[in-house]
Structure formats: structure tokens, C-alpha cells
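Residue numbers (the working numbering): 112 to 411.
This is the structure we're talking about:
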């Protein structure tokens, strides 16, 4: 049976099931020097977003007992995947488990922006009554542009459509079976959308997908939602667009640096914030746990 390091926590029932299967679990977060020293004693490491498995860690454990890295979530940007596989270490994730949870957070942020929920919570706690200032908009009838059309974006599209929104998306190819949603070019999406929501990984070699050039092409008063990955939106360009009024509001769950130190961003009165909680629901974590169990069973 395998010796498994659970570095960032996991669903309690899933952990119990792995133990019942005969695997040895150690639930402990290790920093990089500790990982380099101790990870080689484990067969498997399970991480979320906090633990980074970079080249220096992989080099330190190459040829050791480590056989499998499992990302409890979708994005793999905290793992040097290709390099790990080159060194004979398998890398897996749990892509199906959290789609609904992230989609619901995306829709929640859209409501928050449209109806000033994020800022009215702050000002009312300070004793203010800005009733006249908070004239919002309805989501119904607005165009939602989705950058990327994977599992999460599809779930967002379904929910937005029920709310009466027109949904367009841009992706490498049009997806079969979703004729009610229009596949358009990135440029058309940026120019015509009332809300733009990102659902793509961050690729270091590509950099931000939305930067100053893209913001300049957008409608005045557009809303931006990023529950995907930090870095896909240029934070400084976003702040500039918020200050100018080009962007009416932004909702952000992910940041270039986490925890974020960008005070201009997290104190901005037009920004709705959450601390990378897209998959943080009881249901999603339970499903992630089940996927992890399946990955371990498949490998061993």
C-alpha cells in the first residue's frame, strides 16, 4: 500500500476511505525545504493550491519513492507538470468535481456587481445609507462573454441562460452540443460583452489574456469576473480601467500573488473579492475526495 502525504488538507470521509483501503496518510503542510528533504519518503502527494511542486522540489525527489502527484482541483499551474513526468512522476488532477461550485460563485459575483452587494455590505456597516447611489442593473438581457469554454464555463453558461442572458464564448474550437451559445472571436467577444468571465488556465509564456489593449476595446461600463487563475488578467491594467470608468466593476477570486498584497486592488470600491474559494463547498470537496480515491485506485 502507499504512503501518502496530504499537504493542503482534504475531505475527511475521503481521507478515512484511503486509510481503510490500507494506505498510510500523513496530513501535514510542508514548506519547500521540508518538501525537498522529506517528500522522497512518500509514494503520493496530494496538494491543493497552497503547495507548489516546482523543479527544485522535483529534482530533490527524482528517483525516490515518489510516484504520483495529485492536484485536488482543476488547475495545475502550481505544479511543473511536464518536468515531473519527464522524471517519471505521474501527475493527475480532479477536473470534474468542482465545476458547479465555481460556476455558482461566478454567478454570485455577477449579482454582487450588478446590485452593489459587495460595497453596500461595507458602507452599511459603517453607518451609511447610500440608497440612491446604488442603482444597479438586471442580468437579464445582458451579454455574457466567456473566455474559454470548458466544464466550468459550460456550467456558467447554463445558469446565465436561465437568467435571461445572451451567452457567447471564445475557445479554440466551437463545442458540439451547445448551439444555443455562440462561438465568436476573442475580439468580437471583448467588444460586445456586457460581462466578461474568464475560464482558462494561466500560461506563463502567454501572460495576461486581458491587458490594457483588451480593456481599451471593451464597452464602457463592462464588468469583469475572474474565478479562473491569477495572472490571466493584468491587475494594474484592470485598476487603470476601473479608475477611468471603462470597467464598471470587477469580481476577483484569484490573484497574481496569493494571498494578494495588491492594496490598490483589494481596497478598490468597485471590486468584489473572495480569497480563492471557487471550489470551497462541502459538495465539491466531497466529490474531489472521491476523484482522489479513484486516482489512487487506478495507479496502485
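Built from N, CA and C at the ideal position, the CB exists for glycine as well.
Indicate the three-state DSSP secondary structure (helix, strand or coil) for residue i in the structure shown.
{"i": "residue 384", "result": "strand"}
{"i": "residue 279", "result": "strand"}
{"i": "residue 162", "result": "coil"}
{"i": "residue 79", "result": "Outside the modelled stretch of the chain, which goes from 112 to 411, sits residue 79, for which no answer is possible."}
{"i": "residue 203", "result": "strand"}
{"i": "residue 363", "result": "strand"}
{"i": "residue 114", "result": "strand"}
{"i": "residue 254", "result": "strand"}
{"i": "residue 194", "result": "helix"}
{"i": "residue 304", "result": "coil"}
{"i": "residue 141", "result": "coil"}
{"i": "residue 368", "result": "coil"}
{"i": "residue 373", "result": "coil"}
{"i": "residue 311", "result": "coil"}
{"i": "residue 316", "result": "coil"}
Determine the closest residue to residue i out of the options, with distance taken between C-alpha atoms.
{"i": "residue 300", "options": "246, 320, 183", "result": "320"}
{"i": "residue 200", "options": "292, 178, 121", "result": "178"}
{"i": "residue 147", "options": "128, 134, 169, 160", "result": "169"}
{"i": "residue 368", "options": "309, 343, 361", "result": "343"}
{"i": "residue 280", "options": "304, 273, 387", "result": "304"}
{"i": "residue 104", "options": "150, 180, 142, 141", "result": "Residue 104 is absent from the structure shown; the chain starts at 112 and stops at 411."}
{"i": "residue 374", "options": "388, 347, 352", "result": "347"}
{"i": "residue 252", "options": "275, 372, 357, 271", "result": "275"}
{"i": "residue 224", "options": "376, 400, 336", "result": "336"}
{"i": "residue 408", "options": "195, 159, 203, 315", "result": "203"}
{"i": "residue 174", "options": "189, 186, 194, 198", "result": "198"}
{"i": "residue 250", "options": "318, 188, 273, 316", "result": "273"}
Does the distance from the CB of residue i to the CB of residue j come in under 7 Å?
{"i": "residue 391", "j": "residue 229", "result": "no"}
{"i": "residue 306", "j": "residue 341", "result": "no"}
{"i": "residue 322", "j": "residue 290", "result": "no"}
{"i": "residue 364", "j": "residue 385", "result": "yes"}
{"i": "residue 310", "j": "residue 263", "result": "yes"}
{"i": "residue 381", "j": "residue 349", "result": "no"}
{"i": "residue 389", "j": "residue 141", "result": "no"}
{"i": "residue 227", "j": "residue 247", "result": "yes"}
{"i": "residue 113", "j": "residue 134", "result": "yes"}
{"i": "residue 172", "j": "residue 151", "result": "yes"}
{"i": "residue 302", "j": "residue 328", "result": "yes"}
{"i": "residue 191", "j": "residue 159", "result": "no"}
Would residue i be called buried (16 or more neighbouring beta carbons within 10 Å of its own) or exposed?
{"i": "residue 123", "result": "exposed"}
{"i": "residue 287", "result": "exposed"}
{"i": "residue 245", "result": "exposed"}
{"i": "residue 154", "result": "buried"}
{"i": "residue 162", "result": "buried"}
{"i": "residue 184", "result": "buried"}
{"i": "residue 132", "result": "exposed"}
{"i": "residue 176", "result": "exposed"}
{"i": "residue 182", "result": "buried"}
{"i": "residue 334", "result": "buried"}
{"i": "residue 196", "result": "exposed"}
{"i": "residue 130", "result": "exposed"}
{"i": "residue 331", "result": "exposed"}
{"i": "residue 236", "result": "exposed"}
{"i": "residue 265", "result": "buried"}
{"i": "residue 121", "result": "buried"}
Could you tell me if the beta carbon of residue i falls within a distance shorter than 6 Å of some heavy atom in the ligand ADP?
{"i": "residue 358", "result": "Although the ligand ADP was asked about, the structure shown includes no ligands whatsoever."}
Roughly how far, in whole angstroms, is the beta-carbon of residue i from the beta-carbon of residue j, given that I think they are within contact range, below 8 Å?
{"i": "residue 357", "j": "residue 326", "result": "6 Å"}
{"i": "residue 404", "j": "residue 209", "result": "So it is not a contact: roughly 16 Å between Cβ atoms."}
{"i": "residue 278", "j": "residue 214", "result": "Incorrect: roughly 12 Å between the Cβ atoms, too far for contact."}
{"i": "residue 285", "j": "residue 218", "result": "Contact flag wrong, Cβ pair sits at about 23 Å."}
{"i": "residue 402", "j": "residue 205", "result": "4 Å"}
{"i": "residue 308", "j": "residue 257", "result": "6 Å"}
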